[in-house]
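Peer 1: One structure, pasted below without further comment.
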Amino acid sequence: MENREPFKLIFNIFHFHGLWDAEKLSRRHKILLLISSISFVTFTALTTLFILQVENTTDLARLLIVAPVFDLVVIISVLFYLRRNKIKDLIDGMNEIISSNAVCAAFTDRAFKISKILTYVKMIAAAFTTFGSLIVPLFIEEMIIKTWLPQSWHDRKDVFYGAWFFENVNIVLYAPLYIAFQEFFLNLLIMINAYQQYFQWKIKKMQ
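In the numbering used here, the protein residues as written are 408 to 614.
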C-alpha cells in the first residue's frame with residue numbers, strides 16, 4: 408500500500424515529518440524537524456491562548472474554528488508516532504492478502520482508484536485554501552488566524568509582518584500533515600470496506 412497512490416503521497420508526508428521510517432532521515436533533516444516541531448507547538452499554544460484576548464464574536468468564531476485543528480495535529484501526531492508499529496503491522500497484513508490473492512486485488516484496485524481521486528481533490532482544494540489564507544492578511548492588514556501577543560504589540564506593523572511570516576511558515580509545513588491524517592484514515596476505511604466486500608463475495612461463493 409505504501410507504494411501505491413494515494414498512500415505513497417500520504418506516507419511521504421508522514422516521512423517528511425518524521426512519523427514514518429524516521430530512521431531513514433538524515434541528521435540535518437532531524438534537526439530541522441525538531442526546530443519546526445517546536446515552532447508549531449509554540450504557534451499552537453499561542454493560538455489557543457488567544458482566548459485571553461478575544462474581543463468580539465468574530466474573534467471567538469475564528470478561535471473555535473482554527474485552534475482545535477492545530478491542537479488535533481499535535482495530539483494525533485504524538486499518538487500516530489507511538490502506535491506506528493501497530494499501523495505498520497496492519498498495513499503489512501493487508502499487503503500480504505493483496506499480493507497473495509488476485510480476486511482480492513481486483514476489489515482493492517477499485518478502492519485505490521476511489522481513494523486516489525478523493526485525496527487529490529482534497530489536496531488541491533486545501534492548496535487553494537492555504538494560498539488564500541497566506542495572501543488575504545496582506546490585503547486586509549489583519550491576521551485571519553490570530554495568536555496571543557502582548558497588548559503593546561497589537562498595532563505595530565513590524566509585529567504584524569513578523570506574525571504573518573511565523574504563521575505562514577507553520578501553516579505551509581503542517582497543513583499538508585493535517586490533510587494527510589484525514590486522508591489516511593478515510594482511505595484506510597475505504598480499503599477495509601473493499602476487504603469486507605471481498606470476504607462477503609468469498610462467503611457467497613462458498614455457499
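Glycine residues also receive a C-beta, built at the ideal position from the N, C-alpha and C atoms.
By the three-class DSSP mapping on this structure, what secondary structure does Val461 have?
Peer 2: As a position in the sequence shown, residue 461 is number 54, starting the count at 1. The answer is coil: DSSP assigns Val461 none of H, G, I, E or B.
Peer 1: Could you name the residues of the same chain whose beta carbon sits closer than 6 angstroms to that of His422, not counting the 5 residues immediately before and after it, in chain order?
Peer 2: Within the sequence shown, numbered from 1, the residue matching residue 422 stands at position 15. Closer than 6 angstroms at the Cβ level, and outside the excluded window around His422, lie Asp428.
Peer 1: Please confirm whether Tyr602 has its beta-carbon closer than 8 angstroms to some beta-carbon of chain B.
Peer 2: No chain B is present in this structure, which holds just one protein chain.
Peer 1: Output the residue ranges of the alpha helix (DSSP H) runs that lie fully inside the stretch 484 to 565 and measure 4 residues or longer, sorted by chain position.
Peer 2: 491 to 507, 509 to 547
Peer 1: In terms of alpha-carbon separation, which member of Ser443, Arg491, Ile442, Ile504 lies closest to Met598?
Peer 2: Here residue 598 refers to the residue found at position 191 of the sequence shown. Met598 has its Cα closest to that of Ile504, out of Ser443, Arg491, Ile442, Ile504.
Peer 1: Would you identify the three-state DSSP class for Leu432, choosing helix, strand or coil?
Peer 2: Within the sequence shown, the letter at position 25 stands for residue 432. The three-state secondary structure of Leu432, taken from DSSP, is coil.
Peer 1: Any idea if Pro583 is buried or exposed, counting beta-carbon neighbours within 10 angstroms, 16 or more meaning buried?
Peer 2: Within the sequence shown, residue 583 is the residue found at index 176, counting from 1. Buried, by the Cβ-count rule.
Peer 1: Count the C-beta pairs between the stretch 486 to 503 and the stretch 559 to 571 that are closer than 8 angstroms, then say yes if the count reaches three, no if not.
Peer 2: no
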